[in-house]
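Asks:
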């Protein structure tokens, strides 16, 4: 939260009716239960425990008002399937399919899919249905970049590398995971929304409250076969 207000006004934040907190028990199937809820020290906990109103006098600048955890099964927002074919003393070929598993009205921006490759790979060749690919030898990886990835879409990337020193097709070493980075504006995985943000102050107090929703990847990794 970012706050730039004169004086020390009280703020009240309300969340949508879907939200349940641990002590309320489970309600309807479409409700969202928050666990491990933590508030900034400025929040009046007694008020929250009484009527679930988040009331606080904020510090100036940027701070984290509230954090929580969801114990809910959620499909990966961007699902990756990989087929990797290794040929002894010759080459390795990759087929990577990326599928967005969120609604069409949303779009993921600045998507980066990082695919690990052998350290001695060379002579890279790429073909993709969208975006661009580059070989990052310092990371031993392919980086597939998609600036705009709409919901409900599926894209394909193929890559080919020479492998001059491979001794066999079988590689018993652990394979690093594929990493995915992205952000989705105006979207929340949980469905939680801010219903209101009120400034409790004398009449005539000038302020402009606004809310921005954005979902970003955390530690987002997918294992390869």
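In our numbering, the protein residues as written are 844 to 1068. The C-beta atom is built at its ideal place from N, Cα and C for all residues, glycine as well. Nothing here was measured: the structure is a model prediction, and the numbers come from that model.
1. By how many angstroms is the C-alpha of residue 1042 removed from the C-alpha of residue 887?
2. What's the call for residue 1000, buried or exposed, on a 16-neighbour Cβ count within 10 Å?
3. Under 6 Å: does the beta carbon of residue 972 sit that close to some heavy atom of the ligand HEM?
4. Go through its chain and collect everything with a Cβ distance to residue 924's Cβ below 7 Å, but skip five positions before and after it.
5. By the 10 Å Cβ neighbour count, where 16 or more other Cβ atoms means buried, how is residue 919 classified, buried or exposed?
6. Which whole runs of the beta strand (DSSP E) in the stretch 977-1038 are 3 residues long or more, in chain order?
7. Name the residue from 890, 963 and 903 whose alpha carbon lies nearest to the alpha carbon of residue 849.
8. Restricting to runs no shorter than 3 residues, where is the beta strand (DSSP E) found entirely within the stretch 862-932?
9. Taking the DSSP output, what are the residues bridged to residue 954?
10. Alpha carbon to alpha carbon, how far is residue 972 from residue 998? Give it in angstroms, no decimals.
11. Compute the distance between the beta-carbons of residue 979 and residue 937, then report whether it is under 7 Å.
Replies: Straight from the coordinates:
1. On the chain shown, residue 887 is found 44 positions in, with the first residue counted as 1. On the chain shown, residue 1042 is found 199 positions in, with the first residue counted as 1. One Cα belongs to residue 887, the other to residue 1042, and the distance between them is close to 15 Å.
2. Translated into positions along the chain shown, residue 1000 becomes position 157. Buried.
3. In terms of ligand content, the structure shown is empty, and the ligand HEM therefore cannot be addressed.
4. The residue labelled residue 924 in the question sits at position 81 within the chain shown. Result list for residue 924: 940, in chain order.
5. Mapped onto the chain shown, residue 919 falls at position 76. Exposed is the call here.
6. 984-993, 997-1005 and 1021-1028
7. To locate residue 849, count along the chain shown from 1; it is residue 6. It is 903 whose Cα lies nearest to the Cα of residue 849.
8. 862-864, 875-882, 897-899, 909-913 and 921-930
9. In the chain shown, counting from the first residue as 1, residue 954 sits at position 111. The secondary-structure analysis by DSSP pairs residue 954 across a beta bridge with 989.
10. By 1-based counting over the chain shown, the position of residue 998 is 155. By 1-based counting over the chain shown, the position of residue 972 is 129. Looking at the two C-alpha atoms, the distance is approximately 6 Å.
11. As a working note, residue 979 is residue 136 in the chain shown. As a working note, residue 937 is residue 94 in the chain shown. Contact flag unset, no.
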